[in-house]
Amino acid sequence: MVKIDNIELPDFPLLLAPMEDVSDPPFRALCKEQGADVVYTEFVSSEGLIRNAAKSVMKLDIYEKERPVGIQIFGANLDSMLQTIDIVERSKPDIIDINFGCPVKKVVSKGAGAGILKDIDLMVKLTEEMVKRSSLPITVKTRLGWDHESIKIVEVAERLQDVGCKAISIHGRTRAQMYKGNADWKPIAAVKNNPRMHIPVFGNGDVDSPERAAEMRDSYGLDGAMIGRASIGNPWFFKQVKHFFETGEHLPPISMVERVEAARRHLQMSIDWKGPILGVFETRRHYTNYFKGIPHFKDYRTKMVTSDKPEDVFATFDEVLEKFGDFQFIS
Numbered sequence: 001m002v003k004i005d006n007i008e009l010p011d012f013p014l015l016l017a018p019m020e021d022v023s024d025p026p027f028r029a030l031c032k033e034q035g036a037d038v039v040y041t042e043f044v045s046s047e048g049l050i051r052n053a054a055k056s057v058m059k060l061d062i063y064e065k066e067r068p069v070g071i072q073i074f075g076a077n078l079d080s081m082l083q084t085i086d087i088v089e090r091s092k093p094d095i096i097d098i099n100f101g102c103p104v105k106k107v108v109s110k111g112a113g114a115g116i117l118k119d120i121d122l123m124v125k126l127t128e129e130m131v132k133r134s135s136l137p138i139t140v141k142t143r144l145g146w147d148h149e150s151i152k153i154v155e156v157a158e159r160l161q162d163v164g165c166k167a168i169s170i171h172g173r174t175r176a177q178m179y180k181g182n183a184d185w186k187p188i189a190a191v192k193n194n195p196r197m198h199i200p201v202f203g204n205g206d207v208d209s210p211e212r213a214a215e216m217r218d219s220y221g222l223d224g225a226m227i228g229r230a231s232i233g234n235p236w237f238f239k240q241v242k243h244f245f246e247t248g249e250h251l252p253p254i255s256m257v258e259r260v261e262a263a264r265r266h267l268q269m270s271i272d273w274k275g276p277i278l279g280v281f282e283t284r285r286h287y288t289n290y291f292k293g294i295p296h297f298k299d300y301r302t303k304m305v306t307s308d309k310p311e312d313v314f315a316t317f318d319e320v321l322e323k324f325g326d327f328q329f330i331s
């Protein structure tokens with residue numbers, strides 16, 4: 001068993017990573033149904049929250065069926081981050097996660113996200129003060145370092161633990177790498193193998209197959225895997241990994257009927273939550289993976305990602321089921 005403070009999780013839990021414009025309530029619901037053990041919200045700007053920005057506030061929406069669920073926040077100003085704790089706690093998440101890893105320029109330029117990797121003392125101070133402020137477990141998601149020359153993740157993780165961080169998720173790249181090259185899990189394993197570490201250490205980056213998840217567990221000895229890009233348009237990834245762990249075999253490919261039904265439910269939940277305009281627009285990124293590997297599918301995919309009206313997208317799903325309903329996917 002793995003525990004984040006008092007939250008009990010199964011052995012080697014699978015966590016849905018916080019992803020901007022991806023890990024919203026509709027997608028989290030689908031991933032939870034398919035075996036995600038912990039789900040995280042999109043990252044929420046501390047400055048946006050204290051200014052009551054509508055987009056930031058909306059990201060605090062969580063539902064009972066998602067639990068355990070973490071709300072992830074980012075920022076570099078201590079006063080703003082502490083005010084954010086008070087706001088976030090009203091939504092009653094199970095976990096508050098601090099984003100110290102986002103590499104995007106608009107976040108980093110403000111000293112937030114991975115930008116704080118240039119100032120480890122501030123990173124530790126922010127974490128310490130947020131732990132003091134909150135009654136909820138505070139966790140951290142970060143990267144190996146700012147660049148290859150500044151990797152001190154073993155020391156950093158130990159310092160974060162010492163000020164009260166209850167778990168750490170580490171992406172196996174530096175900020176300088178962005179998402180290029182391969183994730184390096186060896187430094188994450190070094191964090192886990194530090195005899196002073198007793199909080200869970202979760203790995204993130206390039207967990208794109210059941211075999212890779214098993215490698216992270218068995219060869220690197222980590223406490224769990226945080227799944228990001230592999231889940232986009234593929235909420236079944238969590239179920240596929242767990243089936244592989246239990247049997248050593250792959251699940252049969254997800255059928256076209258299941259894919260269309262998931263896409264349909266995903267769109268309807270998005271419309272119910274965000275309204276028809278945003279609901280249609282922000283679900284588009286998932287369709288490529290929902291319907292990956294189907295020959296002569298381009299025209300249907302184009303319809304899905306260019307139609308502005310919900311009824312047109314739903315009609316396209318019906319066409320897909322009629323024309324490709326018997327298509328056999330290859331595992």
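Take 1 as the starting number for the sequence shown in the UniProt record's numbering and just add one per residue. C-beta atoms are modelled at their ideal positions from N, C-alpha and C, and glycine is treated no differently. Please read these numbers as outputs of a predicted model, since none were measured by experiment.
query: Looking only at C-alpha atoms, which of V107, H243 and D24 sits nearest to G279?
result: D24
message: Need the endpoints of the alpha helix (DSSP H) that D97 sits in, please.
response: Annotation for D97: no alpha helix (DSSP H) segment contains it, though the beta strand (DSSP E) segment containing it runs I95 to F100.
message: Only counting the same chain, and skipping five residues up and downstream in sequence, which positions put a Cβ closer than 8 Å to that of G70?
response: P18, V38, V39, Y40, T41, P93, D94, I95, I96, D97 and T139
- prompt: Of the residues S270, L136 and T283, which one's Cα is nearest the Cα of D5?
  reply: L136
task: Return the CA-CA distance between E319 and F100, expressed in angstroms with no decimal places.
output: 44 Å
- request: With a floor of 3 residues, list each beta strand (DSSP E) that falls wholly inside the segment 4 to 42, ordered by position along the chain.
  value: 7 to 9, 14 to 16 and 38 to 40
query: If we ignore side chains and look at the alpha-carbon of each, how far apart do M269 and H243 end up?
result: 27 Å
message: Here's the rule: buried if 16 or more other CB atoms are within 10 angstroms of the residue's CB, otherwise exposed. What is M256?
response: buried
query: Could you give the residue range of the alpha helix (DSSP H) that holds D289?
result: It is Asn, not Asp, that sits at residue 289 in the sequence shown. Segment Y287 to Y290, the alpha helix (DSSP H) holding N289.
- prompt: When DSSP labels each residue in this structure, what does K141 get in the three-state scheme?
  reply: In this structure, DSSP gives K141 an extended state, which the three-state scheme calls strand.
- request: Run the CB neighbour count on D147, radius 10 Å, all protein chains shown included, and call it buried at 16 or more, exposed below.
  value: exposed
query: Can you tell me whether E66 is buried or exposed, with buried defined as 16 or more other CB within 10 angstroms of its CB?
result: buried
task: Determine, using beta carbons only, whether T84 and L49 come nearer to each other than 8 Å.
output: Yes.
query: Is it the case that the Cβ atoms of A213 and L30 are separated by a distance below 8 Å?
result: no
query: What residues in its chain sit with their C-beta under 8 Å from that of I277, if we drop five residues either side in the sequence?
result: D308
message: Between A189 and L222, how many whole angstroms is the CB-CB distance? I'm expecting something under 8 Å.
response: 7 Å
- prompt: What is the rounded straight-line gap between the Cα of S80 and the Cα of C165?
  reply: 19 Å
- prompt: What do you get for A54, buried or exposed, if any count of 16 or more other CB atoms within 10 angstroms of its CB means buried?
  reply: exposed
- prompt: Are the C-beta of G233 and some C-beta of chain B separated by less than 8 Å?
  reply: In the displayed structure, chain B is absent; only one protein chain is listed.
- request: May I ask you to report which of helix, strand or coil DSSP gives F202?
  value: strand
CA-to-CA distance, F329 to P310, given in whole angstroms: 27 Å
message: Using a 10 Å radius around the Cβ and a threshold of 16 neighbouring Cβ atoms, would you call Y290 buried or exposed?
response: buried
message: Rounded to whole angstroms, what is the Cα-Cα separation between L78 and S46?
response: 10 Å
message: So, for R259: in the same chain, excluding its five sequence neighbours on each side, which residues have a beta-carbon less than 8 Å away from its beta-carbon?
response: Y290 and F291
- prompt: Relative to the alpha-carbon of G275, which residue among G203, S231, M58 and I73 has its alpha-carbon at the smallest distance?
  reply: For the residues G203, S231, M58 and I73, the minimum Cα distance to G275 belongs to M58.
task: Spatial neighbours of L82 within its chain, please: CB distance less than 6 Å, with the 5 preceding and 5 following residues excluded, ordered by chain position.
output: R133
- prompt: Relative to the alpha-carbon of H286, which residue among R217, G205, V107 and R28 has its alpha-carbon at the smallest distance?
  reply: R28
- prompt: If we ignore side chains and look at the alpha-carbon of each, how far apart do P235 and L267 end up?
  reply: 14 Å
query: Which value, in whole angstroms, describes the spacing of the CA atoms of residue 340 and G203?
result: Residue 340 is absent from the structure shown; the chain starts at 1 and stops at 331.
message: Relative to the C-alpha of S169, which candidate in R159, V124, Q34 and A225 has its C-alpha closest?
response: A225
query: For Q161 versus M197, is the C-beta spacing smaller than 8 Å?
result: For Q161 and M197, yes; Cβs fall inside 8 Å.
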